[in-house]
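Novice:
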Amino acid sequence: MNKKLGLILFLAFFLPVVFFHYRDFIDPGKSLFLTVFDDPAPRWSFYPWLVESARQIKRNRFPLWCGLEGAGMPLLANYQSTPFNPFNLIFELFPNLKLLDLLLVLKLVLLGVFTFVFLLELGLSPLSAGASALTICFSGYVSKTINQVNINTEIFLPAGLLVVERIFNNRFSLLKFILLTLITAMALLGGNPEAGFYYLLFLALYSLVRAGFSHKRELLLIGLSIFPALFICSAQFLSFIEYLGYGWHIHNTYLHTIGKPALRWFYSLFFPWLFGPSLSHPQQLFHLSYLGLVPVFLALFSLVRIRSLSRQGIFFWVYALVFLAVIYRIKPLDYINYLPLMNRIASVKFAYFGVCFCLSALAGFGLEQFLKKNIRGKQFAISFGIVSSLSILSLLLAYSFRLNPSASIFRGAWLMPMLLILLAGGIALYGIIFEEIKLSGALLVFLTLINLLHMYPGLRPNSRINPESWRYKTQKFPPFLMPVVNNPGRFIALHGIFHHNLNLIYRLNDLRVFEGIYPESYVRAIAEIEGFNMEDAVEQFFQHGWSFDISAKNLSHPLLSQLSVNYLLSPREISVQSWNLISQKDSYYIYKNPNALPRTRIQPGNTSQGIGFSRANLEMDQTDFLKVRVRTNQPAELVLADQYAPGWRAFSLPNKTERKISPEAILLRKVPIQPGDDYIIFIYQPWGFRIGLFFSLVSICALVSALIFQQILRLFSRRLAIRA
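Every position in the sequence shown, counted from 1, becomes a number in this note's numbering once 226 is added.
(1) If we call anything under 8 Å between Cβ atoms a contact, is residue 819 one with residue 787?
(2) By Cβ distance, which residues of its chain are closer than 6 Å to residue 460, with the 5 residues on each side in sequence left out?
(3) What is the C-beta distance between residue 706 and residue 578, in whole angstroms, given that I count them as a contact (C-beta under 8 Å)?
(4) Alpha carbon to alpha carbon, how far is residue 576 from residue 666?
(5) Which of the three DSSP states, helix, strand or coil, is assigned to residue 419?
(6) Let me know the secondary structure DSSP gives residue 870 once reduced to three states.
(7) Return helix, strand or coil for residue 745, following the three-state DSSP convention.
(8) Give the straight-line distance between the Cα atoms of residue 781 and residue 794, rounded to the nearest whole angstrom.
(9) Tell me whether residue 247 is buried or exposed, calling it buried when 16 or more other Cβ atoms sit within 10 Å of its Cβ.
(10) DSSP state of residue 883, grouped into three classes?
(11) What are the boundary residues of the alpha helix (DSSP H) that includes residue 380?
(12) Just verifying my parser: in three-state terms, what is the DSSP assignment at residue 459?
(13) Hey, is the stretch 291-306 in contact with the stretch 229-236, meaning 3+ C-beta pairs nearer than 8 Å?
(14) Is it a yes or a no for the stretch 582-589 touching the stretch 536-545, going by three-plus beta-carbon pairs under 8 Å?
(15) Could you spell out the range, first to last residue, of the alpha helix (DSSP H) harbouring residue 915?
(16) Starting from the Cα of residue 275, find the closest Cα among 596, 536, 931, 730 and give me that residue.
(17) Hey, residue 842 and residue 864: beta-carbon distance below 8 Å or not?
(18) Is the CB-CB distance between residue 870 and residue 747 below 8 Å?
(19) Quick one: which unbroken alpha helix (DSSP H) runs of 4-plus residues sit fully inside the stretch 780-805? Chain order, please.
(20) Does the beta-carbon distance from residue 374 to residue 849 come in below 8 Å?
(21) What three-state label does DSSP hand residue 812 in the structure shown?
(22) Let me know the secondary structure DSSP gives residue 847 once reduced to three states.
(23) Looking at the secondary structure, which residues open and close the beta strand (DSSP E) in which residue 306 lies?
(24) On a Cα-Cα basis, can you pick out the residue from 567, 565, 583 that is closest to residue 547?
(25) Note down, in chain order, each residue of its chain lying with its Cβ closer than 6 Å to the Cβ of residue 763, except the 5 sequence neighbours on either side.
(26) Where does the unbroken alpha helix (DSSP H) through residue 521 begin, and where does it stop?
(27) In chain order, what are the residue ranges of uninterrupted alpha helix (DSSP H) at least 4 long that sit wholly in the stretch 308-371?
(28) Between residue 778 and the rest of its own chain, which residues show a CB-CB distance below 7 Å, the 5 nearest in sequence each way excluded?
(29) Would you kindly report the start and end of the unbroken alpha helix (DSSP H) that includes residue 897?
(30) Keeping to the same chain, check which residues put their C-beta closer than 6 Å to that of residue 711; ignore five residues upstream and five downstream.
(31) Measure from the alpha carbon of residue 312 to the alpha carbon of each residue in 329, 296, 765, 297, then state which is nearest.
(32) Would the stretch 486-493 count as touching the stretch 435-447 if we require 3 or more Cβ pairs under 8 Å?
(33) Is the distance from the Cβ of residue 866 to the Cβ of residue 894 below 8 Å?
(34) On the three-state DSSP scale, how would you describe residue 691?
(35) Since residue 497 contacts residue 620 with CB under 8 Å, what's their CB separation in whole angstroms?
(36) Are residue 912 and residue 872 touching if we call contact CB-CB under 8 Å?
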């Protein structure tokens with residue numbers, strides 16, 4: 227069977243399986259993108275950011291700043307919003323929630339196709355390559371992270387490996403260099419720096435092993451392709467680097483000590499829902515995702531025939547075992563977690579895709595050994611003995627070290643996988659004895675798929691959504707929000723009444739933010755209000771559900787008034803001085819802060835004189851451009867209750883003089899004004915984006931020009947050959 231026919235047959239089988247598996251999301255009341263499989267970030271962060279980015283692009287603005295988060299925060303520079311990722315650009319140009327669901331399915335299809343074609347390039351048969359593609363696409367890791375941003379990067383790993391393999395197999399060409407550059411750029415634009423790091427690490431290690439002591443020229447050119455890829459991503463990457471300079475995040479040198487998976491619970495690799503469905507126990511967040519007994523059984527076929535395994539196959543085994551040891555903290559490989567940079571990365575999550583990919587590829591390698599009749603009775607006995615021992619040992623440890631003493635084990639959670647592995651063993655043995663290899667191989671692929679689709683409960687849409695409330699152009703506001711909608715102003719919410727970042731959907735300004743990186747001055751302001759030290763900020767961040775909140779006891783803090791916080795949303799009645807109840811509907815209470823200062827105000831140059839504030843009129847507010855009307859007869863200061871951040875510039879009109887912006891009250895902006903000033907305008911022009919955009923455009927133009935020039939030379943050479 228040739229490769230093209232194999233690909234067509236694979237797609238003919240793969241596409242119906244994908245759409246059948248995710249058929250529930252065709253329902254308008256359900257969304258694959260918004261479903262919480264493991265991490266709620268797609269619902270509470272990624273989708274609101276996409277909506278805000280789409281709105282700004284519709285207004286012909288780069289989505290650089292979001293004025294609705296906190297006191298205002300960088301949008302592009304947080305990296306995870308990744309508005310220039312091609313998948314996100316499609317939504318931003320044609321915003322529709324169902325389109326996002328289809329894009330997720332498209333990513334899964336691309337992952338399957340890239341994996342299939344890559345393994346064909348390694349010499350596997352279409353059946354073996356298809357088994358590997360099915361294994362990675364329906365693995366527990368991909369099923370749980372299909373709506374996470376890291377999948378944007380990880381789907382391009384097999385594509386990058388495919389180009390690398392073709393560079394080594396065939397003569398190097400400019401087209402392959404450009405293709406590898408673009409694939410790497412797409413991976414780096416995925417939206418997760420850690421996933422991007424592991425993409426580069428895997429690609430580099432694979433290339434080194436594949437090259438060996440030869441192919442030095444090809445290896446050098448593969449390494450050089452990373453640099454134009456970085457230049458293409460400069461607009462995103464340099465913005466992120468600039469933000470890191472004044473930002474706060476949890477990626478300190480102790481991050482690798484958080485959320486360590488316990489080796490005694492490695493049953494999750496084979497029996498993931500022993501103790502209940504997904505998210506039913508907090509400890510499940512620290513378990514590695516499902517691999518399946520049948521795929522591991524097939525992978526072991528390649529291990530017992532390791533002498534006939536290619537260099538690539540040996541690399542897959544070494545990578546998988548090394549990083550499983552790194553993730554499970556098995557010494558001495560645990561010390562890799564303490565290396566510089568590695569100690570700031572959550573290896574448990576982002577290293578695992580490479581492990582899953584390696585074991586998926588090895589399942590194909592093992593099946594190939596079976597199809598070539600290289601697996602006989604001895605090899606079968608060793609493989610089946612290992613997988614049986616691992617499964618029984620994992621069950622014994624699960625029974626001995628339960629998630630909690632009262633946790634009950636679901637019999638069906640281990641009985642069905644055990645029956646499947648027994649059936650797989652019987653089919654393999656039947657094929658070996660009666661030499662029905664092709665039939666047995668096809669049945670083993672089918673059992674692999676059944677084993678993978680027998681996922682633990684929780685990877686289905688377990689709750690409905692109201693599509694009208696999540697639309698790009700939503701008009702359906704929650705009734706309790708109407709006082710804020712009718713008279714917009716910055717608000718805070720208590721006790722989970724309104725989740726962070728949902729305010730972006732309704733174009734309202736919430737002081738609380740669900741982010742991965744914050745301006746450090748914002749965190750200092752929250753620390754001042756809440757009364758904790760900056761050294762305890764990471765602990766506070768985790769205690770409040772990966773964010774910062776304001777407690778009811780601190781609502782009288784004067785900094786809230788300076789921040790122009792006008793409203794408070796609460797699920798119950800509270801008694802706090804200086805906050806007045808203005809609305810009560812069902813179990814929702816809205817309070818107004820009569821002491822809240824205006825967002826724009828003029829104060830004397832020396833505030834110690836105790837002279838009160840006067841209002842300045844905000845006449846234009848376009849997220850990255852603000853125009854404030856000011857009139858004063860003496861030198862004074864304009865205070866804007868928005869986040870102070872590098873990249874903001876201020877100019878006075880009509881004389882067009884640039885004015886220095888200084889911090890005020892920890893995180894606000896302050897600009898000196900003079901008599902004769904009519905307006906002060908604020909423009910967001912961060913250097914990281916300006917320089918990065920230049921490099922990105924130049925790099926893209928250079929690559930396109932090089933490709934066109936090569937085609938012209940090729941055409942010219944052909945004409946000369948014809949004339950000769």
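Cβ coordinates follow ideal geometry from the N, Cα and C atoms, glycine included.
Specialist: According to the structure data:
(1) Result yes, Cβ atoms of residue 819 and residue 787 sit closer than 8 Å.
(2) Only 918, 921, 922 meet the Cβ criterion.
(3) Not a contact, Cβ separation roughly 41 Å.
(4) Distance between the alpha carbons of residue 576 and residue 666: 35 Å.
(5) Assignment of residue 419 by DSSP, reduced to helix, strand and coil, places it in the helix class.
(6) For residue 870, the three-state secondary structure derived from DSSP is coil.
(7) Residue state, collapsed to three classes: strand.
(8) Roughly 9 Å between the two C-alpha positions.
(9) Within a 10 Å sphere around the beta-carbon of residue 247 sit 16 or more other beta-carbons, which makes this residue buried.
(10) If DSSP states are grouped into helix, strand and coil, residue 883 belongs with the strands.
(11) Note, residue 380: alpha helix (DSSP H), 376-380.
(12) Judged by DSSP in its simplified three-state form, residue 459 adopts coil rather than helix or strand.
(13) In the pairwise beta carbon analysis, the stretch 291-306 is classified as not touching the stretch 229-236: fewer than three pairs are separated by under 8 Å.
(14) The way I'd put it, the stretch 582-589 does touch the stretch 536-545; three or more beta-carbon pairs between them come closer than 8 Å.
(15) Boundaries of the alpha helix (DSSP H) around residue 915: 913-949.
(16) In this structure, 730 is the residue among 596, 536, 931, 730 with its C-alpha nearest to the C-alpha of residue 275.
(17) Taking C-beta atoms as the reference points, residue 842 and residue 864 count as a pair closer than 8 Å.
(18) In terms of Cβ geometry, residue 870 and residue 747 form a close pair [threshold 8 Å].
(19) Counting only runs of 4 or more, we get 784-788.
(20) When the beta-carbon positions are compared, residue 374 and residue 849 stay at least 8 Å from each other.
(21) Coil.
(22) Note: residue 847 maps to strand in three-state DSSP.
(23) First-last for residue 306: undefined, no H or E at that position.
(24) Of the candidates 567, 565, 583, the one whose C-alpha sits nearest the C-alpha of residue 547 is 583.
(25) These residues qualify, in order along the chain: 749.
(26) 519-530 is the extent of the alpha helix (DSSP H) around residue 521.
(27) Listed in chain order, the complete alpha helix (DSSP H) runs (minimum 4 residues) inside the stretch 308-371 are 312-319, 323-347, 352-363, 366-371.
(28) For residue 778, the CB contacts under 7 Å within the same chain, skipping 5 residues up- and downstream, are 720, 800, 802 in chain order.
(29) Per DSSP, residue 897 belongs to no alpha helix (DSSP H); it is in the beta strand (DSSP E), 894-899.
(30) Closer than 6 Å at Cβ, skipping near neighbours: 703.
(31) Each of 329, 296, 765, 297 was checked against the Cα of residue 312, and the nearest Cα belongs to 329.
(32) Cβ pair count under 8 Å is below three, so no.
(33) Residue 866 is a Cβ neighbour of residue 894, given a cutoff of 8 Å.
(34) In the three-state scheme derived from DSSP, where H, G and I count as helix and E and B as strand, residue 691 is classed as coil.
(35) Contact between residue 497 and residue 620 holds: CB atoms are separated by about 7 Å, below the 8 Å threshold.
(36) Contact flag set, yes.
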